[in-house]
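Okay, so here's the structure we're looking at.
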Amino acid sequence: KMVGMSDMVALFNPGAWKDKERFKPWGPKEMERFAVVNPQAAQNIQALKNAGTISALGGLGGVGAGAAFFMNRPGTVNGRLFSMALGGCAWGIMGFLVGTNAASLITGTYKINPMKTHAVFTDWWRANGGAVE
61 KMVGMSDMVA
71 LFNPGAWKDK
81 ERFKPWGPKE
91 MERFAVVNPQ
101 AAQNIQALKN
111 AGTISALGGL
121 GGVGAGAAFF
131 MNRPGTVNGR
141 LFSMALGGCA
151 WGIMGFLVGT
161 NAASLITGTY
171 KINPMKTHAV
181 FTDWWRANGG
191 AVE
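Written out as C-alpha cells, the structure reads:
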C-alpha cells in the first residue's frame, strides 16, 4: 500500500488513527523468529536499519562540520552564533543527503522495496500475535 494524502493528513489529526491497526512493540527476539521464516526480508530490514543509521550520522557530521566552519567567521558573538546555526542547518541537510546516497550504495538499499518489506513483516507479526486487539 502506498502512502497517500489521507495518510499524511492523518499524521496531523490524532483522531484519524483510531481505526488504524496497532501492533505490539517488537524486539530482537521477534526479529530472530522472523529471520527463520523469511530470511530475505529480515536481511532487507537490517539493511534499511543500517542505511538509516548511516544517513543520520551523515546529517550529524554535517551539522558539526558546518557549525565549526562558520564559528571562526569574524563578527560579533551573536553573528557567529547565527552563522553557526545557519551553517549547521545547511551542512546538516547536505550531510544527510550525501549520507543517504552513500548508504544506498554501501548497503544496497536501492534494490530493496521498503513498502513490500514492511508489508511482509507486518503480515507475519499480525499472524504471530503482534496485533493489539
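Take the sequence shown: its position 23, counting from 1, is numbered 83 in our numbering, and each next residue is one higher.
Glycine included, C-beta positions come from ideal geometry on N, C-alpha and C.
Values in this document were obtained by computation on a predicted structure and should not be read as measured data.
- With contact defined as three or more Cβ pairs closer than 8 Å, the region 104-111 and the region 169-189 are in contact.
- The beta-carbon distance between M154 and A127, rounded to whole angstroms, is 13 Å. This is too long to meet the 8 Å contact definition.
- Ranked by how close their Cα comes to the Cα of G168, the residues M91, I114 and F94 have I114 in first place.
- Around the CB of G87, fewer than 16 other CB atoms lie within 10 Å, so the residue is classed as exposed.
- Exclusion of the five residues before and after A116 leaves F156 and G159 as the residues of its chain whose Cβ lies within less than 8 Å of its Cβ.
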